Structure formats: C-alpha cells, structure tokens
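For the sequence shown, the positions run -21 to -1, 1 to 348 when mature numbering (1 follows the signal peptide of the UniProt record, and there is no 0) is used.
So the structure is just underneath, and the comments pick up after that.
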Amino acid sequence: MKRILSLLLVFFVTITISSQSKTISGTISGFKDGDKVLLDDVEIMKFIDSTYVKNGKFVLKNKQTDVPKTIYLTIKSENEFYSVPLFIANENVVINADKKDFPYNVKVSGSVHHDKMSILDNKTKSYNIERNEIVNFLRKPTVDSSAAYKTLRKEKINQLNAINKAVDSIKMDFIKSNLNTYAAIYGLFDLRADFDKIELQKLYENLDAKYKNSVYGNRIASYLKVGDQIKNGDLFFDFQAKDQFGKTRKFSEFAGKYILLDFTETYCAPCVQSVKELKEVFETKAEKLSIISFYADKSELIWKKGLQRDQPGWITLNDGKGPNGETLLKYGVSGYPTFFLIDPQGKIVENFFGYENQKIKQMIQNHIK
C-alpha cells in the first residue's frame, strides 16, 4: 500500500511540475520601473503576454509549444522600442542586458534552439548592422536631387545588394551544415526560392522524421508540392477556402468575368488603405469584375475582426493555413496587399505588390473599358 501511495505521489508531483508554465525572465539595466515589456508573436500578429519592469527585472509567461518559433521581446521606454528576436520553445529563458545591448548584444540563456540560431546571428551580425545603417540612409527624407547625391544613393543600393547576397550565402552554408535542427529548417523555408528545386528536395528528404513532420517541414513540403510560382500569362491556380459566411468555395466558381484577386491581411496598414479604392471599384465595375479578397490571417478570429472593420461588400476567403499555405505559395505572395487581375478566360493579365493611390483603378482601366 505504501508503495502504491509513493508511486501516486510521484505521479501527481510530476504532473504538477510538467503543467507549470515556463517563463521568460530578465535582469536588465538602463530601463525605468514601469517600462512596459511585451512578448510579440508576429505570426499571429498578437501580443501574447506583457508586464512591467520592476527593480530592473521582469517575468513573462512562456506558452510556446515544444517546436520553437520566433517571438519578439520588446521593451517600451520613453516612447522608444527596444526589441530582440527569441527563437524558443517551451523553455525557461533568461535575459541579461543593458538598454544599449539591444538588439544585437542581448544575452539569452536557457534555450538550445536560440543557442543554435545565435551561431548564425553572430556570423551575420556585422552585415546586419551595416545593412540597417544603409536602409536608414535610403529611407531618410531628402530634397537633395544633386548628381552627387544620386551617385551616393546608387552606391548605397549596390552595397545593400552585396550585403544581402553575402548574408544569404552564410545562411545557406549554415542550413546545410546544421540541417537536422529547427534553426536550419526554419531558415530553409525562408530561403526556399534561393535553392534549386532539386537541391531543396534532397535537403528535405535528408530531414529526420521529427523535423520533416514539423510545421517547418510541412511548409517546405507544401512549397515543393505546388511547383513553380504563377506569373503573368499563366492560367489561375484553383484553390479551396471558406468564405465569410462559412461556406467552402472553389476559386473557379467565380470564373467567367474579370476577377481582382486581393491577397491581404487584417493588420496590414497598406491593405487597410486600399479598402476605400476597392469599394469604389466594386461599385463602378461590378457588372464586369468580381473582387475576391483572400485573407492570409491564420486566425479566423483576426480575419473576422478585419471584416467587421472594413465591411467589404464582396466575397472574402480564408483557408486557415496562414501566410505559408499552398495558395499563397503558388501565387508567390511575399507581402501584402498583392493584387492579381484575371481575365474571363482565366489568364493572369497583370499583378502588383503594395498599395499606391489610384493604382488599382489604373490597372483595371488598362483592361476593362
């Protein structure tokens, strides 16, 4: 009897310990008591926990699964934001840093996955610092239109291209050398288009089952499955998704007249800006044109929030697979909004990324009189 009670006690203690949530704790300097600390999951575009700095410390709940993902630790201090990416799973993670250490020199311990990713980060750190300086220069507003400035700007763009090429090369070497790690297959999907399809297939086949069956392995498998990306002149790629009324629809149902296929996200600022122009197009071209908005949000709740805000009068679709589903991969969508204009014969006649005032109307005017 005593042995049974002992075993039961061990069992319940084990269950209690395993059910306790992990934490992300920090000892930081340079910040004030009351500075807000946020944990941002960029995949679902949501803050998943928050707290405040107190006596140079903070504690957040870590509710990740056993498969790591990138989340951002962000501290808001004096209207400035200090962020660092964490590639972590359900682990107890410890942060040690001064304000000046963000984002490149923050010490993170407790995660084997972040440790592995840090090997790559350290190899690309100097390039990333230089890249940020160039990007800030290129984004800085200026009225200088001199030949000297144009020459300097061109040089900066060339430097940026060289840096991107060097960083991608380092990442590709890292992926091949550390293939059966989450850090490597996470990067493999990001660089999928830079690998020859045959080489990508071989790398995928060399993954252990644990990684092949993970969310990252499934993304690569989906990319390999859908084949080459669609381009102008191709027939549209048919797909299936749920509309805002809960009905499963095939995209081919809408064929027979022009279709403006709008790939969008709920919390994408340019997407929100485009809604007004889309409504104007919908009102003036409804006889000859259908608008279909495909929301890339993985969360149905977030998709529905976007619908409540935007109130589109046309069909919207969502497949619940997020930005790495087969449909977005096939159409080569890497940013939002992205628009495809499809003619009544099902051929893609034009597409573009981003939003500029009147550009949607101009594209449609080019094809529909």
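Glycine is no exception: its CB is placed at the ideal position from the N, C-alpha and C atoms.
Nothing here was measured: the structure is a model prediction, and the numbers come from that model.
Coil, strand or helix - residue i by DSSP
i, result
"Ile(-5)", "The pLDDT assigned to Ile(-5) is 39, lower than 50, so where the model puts this residue is not dependable, and the model offers no usable value."
"Ile347", "coil"
"Val85", "coil"
"Gly5", "strand"
"Thr130", "helix"
"Tyr334", "coil"
"residue 351", "The chain is shown from -21 up to 348; residue 351 falls before or after that span and cannot be answered."
"Met342", "helix"
"Val146", "helix"
"Val328", "strand"
"Ala248", "helix"
"Lys79", "helix"
"residue 350", "The structure shown does not extend to residue 350, since the chain is modelled only from -21 to 348, so the question has no answer here."
"Val16", "strand"
"Val91", "helix"
"Ser(-16)", "In this predicted model, Ser(-16) has a pLDDT of only 47, less than 50, meaning its place in the structure is not dependable; the value taken from the coordinates is given anyway. Reduced to three states, the DSSP call for Ser(-16) is helix."
Option nearest residue i by Cα separation, candidates the options
i, options, result
"Gly304", "Phe319, Ser231, Tyr195, Phe224", "Tyr195"
"Glu109", "Leu139, Glu59, Lys150", "Leu139"
"Tyr202", "Phe215, Leu167, Asp94, Lys25", "Leu167"
"Val205", "Leu240, Ile50, Tyr310", "Tyr310"
"Asp19", "Lys36, Asn41, Arg132, Gly13", "Asn41"
"Ser105", "Ala145, Asn71, Thr317", "Ala145"
"Ala234", "Asp94, Lys284, Leu214, Ser313", "Leu214"
"Ile209", "Gly35, Asp45, Ile327", "Ile327"
"Ile54", "Asp14, Lys229, Lys348", "Asp14"
"Val312", "Phe332, Asn107, Asp322", "Phe332"
"Ser272", "Lys102, Glu266, Phe230", "Phe230"
"Glu232", "Asp80, Leu52, Tyr334, Gly325", "Gly325"
"Asp298", "Leu182, Val260, Ile321, Lys226", "Lys226"
"Lys258", "Asp241, Cys247, Glu22", "Asp241"
"Asn185", "Asp169, Asp207, Asn157, Leu170", "Asn157"
"Glu262", "Trp293, Lys284, Lys86, Val85", "Trp293"
"Gln252", "Asp80, Lys338, Ile27", "Lys338"
"Lys33", "Ser56, Glu22, Ser(-1), Phe26", "Ser56"
"Leu280", "Tyr246, Asn137, Lys267", "Tyr246"
"Lys36", "Asp207, Asn75, Lys129, Lys1", "Asn75"
"Pro323", "Glu266, Gly285, Asn192, Gln287", "Glu266"
"Gln287", "Val254, Lys264, Asn137", "Val254"
Per-residue burial, residue i [other beta carbons within 10 Å of its own, 16 or more giving buried]
i, result
"Leu307", "buried"
"Val114", "exposed"
"Gly5", "buried"
"Ile3", "buried"
"Ala220", "buried"
"residue 351", "Coverage of the chain is limited to positions -21 through 348, which leaves residue 351 absent and any answer about it impossible."
"Tyr83", "exposed"
"Phe224", "exposed"
"Ser269", "buried"
"Glu70", "buried"
"Arg198", "buried"
"Gln344", "exposed"
"Asp187", "exposed"
"Ile164", "buried"
"Tyr334", "buried"
"Gly314", "exposed"
"Thr(-8)", "In this prediction, Thr(-8) scores a pLDDT of 43, lower than 50, which makes its location untrustworthy; no coordinate-derived value is stated."
"Leu52", "buried"
"Ala141", "exposed"
"Tyr128", "exposed"
8 Å Cβ cutoff met for residue i and residue j
i, j, result
"Thr295", "Asp222", "yes"
"Glu244", "Asp289", "no"
"Phe47", "Phe66", "A small fix is needed here, since residue 47 is Pro in this sequence, not Phe. For Pro47 and Phe66, yes; Cβs fall inside 8 Å."
"Asn143", "Tyr190", "no"
"Val73", "Ser62", "no"
"Asn336", "Phe318", "no"
"Phe153", "Leu99", "yes"
"Ser8", "Asp77", "yes"
"Lys340", "Glu256", "yes"
"Ile149", "Lys102", "yes"
"Asp173", "Asp147", "yes"
"His92", "Ala126", "no"
"Cys250", "Pro316", "yes"
"Leu320", "Tyr237", "yes"
"Thr44", "Pro64", "no"
"Leu17", "Phe10", "no"
"Gly212", "Glu22", "no"
"Met151", "Leu179", "no"
Residue i: CB within 7 Å of a non-hydrogen atom of the ligand HEM
i, result
"Gln290", "The model on display carries no ligand, and the ligand HEM is accordingly not part of it."
Tell me the start and end of each unbroken beta strand (DSSP E) in the segment 252 to 324 that is at least 3 residues and wholly inside, in chain order.
If we require 3 residues or more, the beta strand (DSSP E) runs fully inside the segment 252 to 324 come out as 268 to 274, 294 to 297, 317 to 321.
Check: Which residue spans inside the segment 150 to 217 form an unbroken alpha helix (DSSP H) run of at least 4?
Finding: Listed in chain order, the complete alpha helix (DSSP H) runs (minimum 4 residues) inside the segment 150 to 217 are 161 to 169, 176 to 184, 188 to 191, 194 to 205.
message: Quick check on the DSSP output: what are the complete alpha helix (DSSP H) runs of length 4 or more inside the segment 93 to 128, in order along the chain?
response: none
Which complete beta strand (DSSP E) runs does the segment 24 to 62 hold, if anything under 3 residues is left out? 25 to 31, 36 to 41, 48 to 56
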